[in-house]
Structure formats: C-alpha cells, structure tokens
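Numbering-wise, the sequence shown is residues 2 to 421 according to the numbering used here.
In this text, a Cβ means the ideal position worked out from N, Cα and C, and glycines have one as well.
This structure is a prediction, so every number in the text was calculated from the model and none was measured.
Read through the structure below, which is laid out as structure tokens, and then see the notes.
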Amino acid sequence: MNAPTPGRGWLLRLVLTFAFAQTAVSMARPAVSYRALALGADETAVGVITGVYALLPLLVAVPLGRRTDHGRCTPLLMAGVALITGGCALSGVAGSLPAMAAWSGVMGLGHLCFVIGAQSIVARRSAPDERDRNFGHFTIGASLGQLIGPIGAGLLISEHDGAMARTSATALLVSAAAAACACTALWRLERRDANRGGGAASAAGGRVPVLGILRTRGVTAGIFISLSVLSATDILTAYLPVVGEAHHIAPATIGLLLSLRAAATIACRLVLTPMLRFLGRTVLLTTTCAAAAVLCAAIAVPLPVWALALVLAVLGFCLGVGQPLSMTTVVQAAPDDARSTALALRLTGNRLGQVAAPAGAGLAAGVAGAAAPFVLLGVLLLGSAAVALRAPKEAGGARRRAGTVGRSDSRKASSGRSGA
C-alpha cells in the first residue's frame, strides 16, 4: 500500500477531478428528473429511475474494492470518468423511461468506480492523524460539484412553451462534457510502484472475510451514518424539483437552492478540523445528524422561498459532517489490507440507501404528496444520530478486534492478518 507521503499536490488534483465528476453527476441528476417528467413520468416513476442509478453498483462494489486493495487506483478513476460521461450523454438522447433508467444506472456505476478509487488514494496517502482533514478536503470536491451542477441545470432547463424535454436533454449533454474535463487532472495521483509488494503480501495472507470487516466495531456505524447522510442529499437533489413543481417554484430557483445547500456543506468542511477539536467526533456527529433530521422534516411544511433557503443552508452545513467522518471511521476500523474493501462496503451501504430511499420516497410521494419523502428522511437521520451516539469514540484498535472475528470465519484469513 502507499505510505503516507509529504506534499498535498496530489490531493489538490484529486479534489479538482472530483469536482468535475461531481459537477456532471449533480447537473445530470435533476436533469434526469425533469426529462423523466417531460416524458410522462409521475412521482413514483421518478423514484424508480433515481433508484436505478444505485442498483447496478450494488453488484460490483465489493469486487471492485477487493481489486483496489491489491492494485492501483488510477485505472478505476479513468473507467469511472468514461462511464459517467457515457451515461450522461446517452441519457440526453434517450427517448423512453426504460432507456433513461438504464443510462442512469451506467452513470451510477461510473460514479461508484470513481469514488472507490479516489477514496482509496486518500486512505493510502494520508497519515492517520491527517485523515479527517484530508477526507474533509477531498469531499470539498464533491460539494463544489453539488454547488455548480444544480446551478447549471437550473440555467439550462426551462419549462416554458413545452421546452422541458429539449432543455433537459441539453443539460445532460453539457454534464457529459463536464465529466470529460475530469481527465485533465488524472495524473500523478499515486506512485507507479505504489502496490508492488504490498498487494502480493496481502494476497499471500488471504483475503479478510467481508463478515469480519462488517463485524468490526465502528464499521457498521460509519456505513449507516454515511447511508443516512447520502440518502438525504440524494433525495434533496431528486425531489426538490418535484416540490418546486408542486409549489410553483421555477427550476432556476430550485437550482440555486440546491447550490446554496452545497455551498453550506463546503463551508462546513472548511471548518471541520476546528469543530472536531472543540466538540469531539461523537458530539459533532450526533448533533449534526439530529439537527438535519429536524430540518428535513421542516421541508415537508409549505415555506416561502426565503425560509426554504435558510432551512437548506443550515441543513447543508449539518450534512457536511457525516461523509468525511464516516470515511475516517471506516478506514481506521478496517484491517490495513482491506481498507478499499471496507470503503466499498460503505459505498454499498450508500447505494442500498440510494435504491431503497428513493423507492420508498416515490411510494410515499405517490400516497401522501411530494413532501412525504422529507419526513422519512427525518426519521432516518434521527436513527443515524442514535448510532453516532453509540459508536466507538476511537476506531484505532478495531483492527485487532477484526482479526478476532476473522478467526471464527476463516483460519487462513486470520493467519494472514496476524502477520500484517
């Protein structure tokens, strides 16, 4: 595996690459919703199409993590960029709801490939005491994309004179071009000799059992918190346009509101390190998840645009904490030779949430209206606050516990870990 290395030029390039890729996805997701509506979809169909985005990655996340544990990460980033670009472009020319769903799944697979590779690079190249900071800065790339993408979608998409189908297709093609720009920063992100010897040693010791990783204290907590926070972000992106349609809020205004949420998340991650010093990990995670639960439920209440903007700004700040801290929690809890697999399991949890949450949101919206999904999000985030309160304060000693669990699952895997 990569040893922690001095200098942070690689991190800046990774942030820029992530910003381009996430801009594409964040522009494409609401554009997919608007194009689906233009093609005749109802709230339930929008939920199904949103869920397909996460369905295909569920099948390949762990194998990709296994491969990344024993190989280089940059090829996975390149494959991710190619799939995102293709998925966005083909969604823009699709003329039916099944085709929209299929290309949305390709886009989701590309995003998964990219994120597994990128998170693994951060884990490998960061010293333990730098991980909170580096993961926080890394996720600024995602927040930048979530800031720029919805603004672009809002500016490009128009519902006047029946133009929504055409303008949403244009937004998807522009998002494909943004994804292609991510290739400009994919250089020297990891050393050429990064995995020579490390992967072989790990392979000789056997694979760490997936159940052993999941039973490690701290891993499942990080997965659930990440799932809850990402589900909130995902449903906000997919269903705020539906709320806007119900309350006669223009797409451009919805785009600005989503970008305001993303800007608040960036602000949170810029001050994450001092907040951790002042409050500590447990208090910070618990407080922000509980506050986000209340704010999500508040969106279910009809609000004027200025009040909705205030709610989304505070909500964005609260949601900025969960993702980087859940990454650090999972990485520090996992065995050294299974960090990418543990991150892939975390992403699998995210994708399960992205399948189940939009599907449930679609059913709830079909029965109780467009505001119902946000009440469900509030319940989910309250659960993550309870999990954060019970999670271990430190995950550093979890590798020894993972070894103990692994012995009960596989003697060969255990002997490999004891020599790691």
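Can you tell me which of the options puts its alpha carbon nearest to the alpha carbon of residue i?
| i | options | result |
| --- | --- | --- |
| Ile152 | Phe318, Arg14 and Gln23 | Gln23 |
| Thr283 | Ala358, Thr18 and Ser327 | Ser327 |
| Leu257 | Ala386, Ser27 and Ala20 | Ser27 |
| Cys184 | Thr288, Met79 and Leu277 | Met79 |
| Arg30 | Leu15, Gly48, Ala128 and Ser127 | Gly48 |
| Ala358 | Tyr35, Ile50, Val16 and Ala124 | Ile50 |
| Phe19 | Ile85, Leu280 and Pro64 | Ile85 |
| Leu173 | Ala343, Ser34, Cys319 and Thr266 | Ser34 |
| Val123 | Ala186, Gly213 and Leu13 | Leu13 |
| Ala46 | Ala247, Leu377 and Val243 | Val243 |
| Pro210 | Ala339, Arg132, Ala253 and Leu241 | Ala339 |
| Gly1 | Arg134, Ala178 and Ala128 | Here the chain comprises residues numbered 2 to 421, so residue 1 is not present and cannot be evaluated. |
| Leu167 | Ala265, Val53, Cys319 and Gly96 | Residue identity differs from the one stated: residue 167 is Arg in this sequence, not Leu. Out of Ala265, Val53, Cys319 and Gly96, Gly96 has the C-alpha closest to the C-alpha of Arg167. |
| Ala164 | Ala90, Pro252 and Thr217 | Pro252 |
| Ser121 | Leu296, Leu346 and Leu377 | Leu346 |
| Leu187 | Cys319, Gly81 and Leu353 | Gly81 |
| Ile119 | Trp11, Leu320 and Ala293 | Correcting the residue identity first, residue 119 is Ala in this sequence and not Ile. For the residues Trp11, Leu320 and Ala293, the minimum Cα distance to Ala119 belongs to Trp11. |
| Pro64 | Leu77, Val356, Ala294 and Gln324 | Leu77 |
| Val295 | Cys319, Leu212, Val53 and Thr217 | Cys319 |
| Ala143 | Gly321, Leu348 and Arg352 | Gly321 |
| Ala361 | Arg218, Val272, Tyr54 and Ala373 | Here the sequence assigns Gly to residue 361, which means Ala is not the residue at that position. Among Arg218, Val272, Tyr54 and Ala373, the Cα nearest to that of Gly361 is on Ala373. |
| Cys182 | Ala222, Leu17 and Leu378 | Leu17 |
| Val175 | Gly155, Leu190 and Arg189 | Gly155 |
| Phe375 | Leu91, Tyr240 and Pro325 | Tyr240 |
| His249 | Arg134, Pro275 and Val306 | Val306 |
| Gly150 | Pro99, Glu246, Leu378 and Thr238 | Thr238 |
| Ile141 | Ala90, Leu353, Leu15 and Thr349 | Leu15 |
Over the uninterrupted alpha helix (DSSP H) stretch that includes residue i, give me the two end residues.
| i | result |
| --- | --- |
| Thr185 | Segment: none, Thr185 is in no alpha helix (DSSP H) and carries neither H nor E. |
| His138 | Arg132 to Leu157 |
| Ser121 | Leu98 to Arg126 |
| Ala264 | Pro252 to Leu271 |
| Gly384 | Ala373 to Arg391 |
| Val211 | Val211 to Leu215 |
Put residue i into one of helix, strand or coil per three-state DSSP.
| i | result |
| --- | --- |
| Glu246 | helix |
| Leu17 | helix |
| Gly10 | helix |
| Leu326 | helix |
| Gly87 | helix |
| Glu1 | Look at the range of the chain in this structure, 2 to 421, and you will see that residue 1 is not part of it. |
| Gly200 | Confidence at Gly200 is low in this model, with a pLDDT of 44, below 50, so the placement of that residue should be treated as unreliable; the coordinate-derived value is given next. Correct three-state label for Gly200: helix. |
| Leu280 | helix |
| Gly206 | Residue confidence is low: Gly206 scores 45 on pLDDT, short of 50, so the model does not pin down where it sits. Its coordinate-derived value is still stated next. In this structure, Gly206 counts as helix in the three-state DSSP scheme. |
| Leu40 | coil |
| Ala335 | coil |
| Cys74 | coil |
| Arg401 | Legend: pLDDT at Arg401 = 40, less than 50; position of this residue unreliable, value from coordinates given subsequently. Three-state result, Arg401: helix. |
| Arg218 | coil |
| Arg189 | coil |
| Ala95 | coil |
| Leu353 | helix |
| Leu304 | coil |
| Ser416 | Any reading at Ser416 is ruled out, since the residue's pLDDT is 38, under 50, leaving its predicted position unreliable. |
| Ala396 | For Ala396, the pLDDT reaches just 44, beneath the cut-off of 50, and the residue's location in the model is therefore unreliable, leaving the point undetermined. |
- contact_flag[the segment 25-44, the segment 152-167] where n(CB pairs < 8 Å) is 3 or more: Verdict: yes, contact present.
- Message: Quick test of the definition: if touching needs 3 or more C-beta pairs under 8 Å, does the segment 308-315 touch the segment 248-263?
- Response: With a cut-off of 8 Å, the segment 248-263 and the segment 308-315 count as touching, because enough Cβ pairs lie within range.
- Message: Across the segment 301-311 and the segment 333-342, are there enough close Cβ pairs to call them in contact, namely three or more that are closer than 8 Å?
- Response: In this structure the segment 301-311 does not lie against the segment 333-342, because fewer than three pairs of beta carbons, one per stretch, are closer than 8 Å.
- Item | the segment 107-116 / the segment 52-59 touching (three or more Cβ pairs under 8 Å) | Three or more Cβ pairs drawn from the segment 107-116 and the segment 52-59 lie within less than 8 Å of each other, which places the two stretches in contact.
- Assess, as a yes-or-no matter, whether the segment 226-237 is touched by the segment 94-104 under the definition of 3 or more beta carbon pairs within less than 8 Å. Touching, no, given that fewer than three Cβ pairs across the two stretches are closer than 8 Å.
- Query: Is there contact between the segment 383-392 and the segment 279-298, where contact requires at least three CB pairs shorter than 8 Å?
  - Reply: Proximity of the segment 383-392 to the segment 279-298 meets the contact definition, three or more beta-carbon pairs being nearer than 8 Å.
- Message: Assess contact between the segment 232-240 and the segment 376-385, defined as three or more Cβ pairs (one per stretch) separated by less than 8 Å. Is contact present?
- Response: Yes: at least three Cβ pairs fall under 8 Å.
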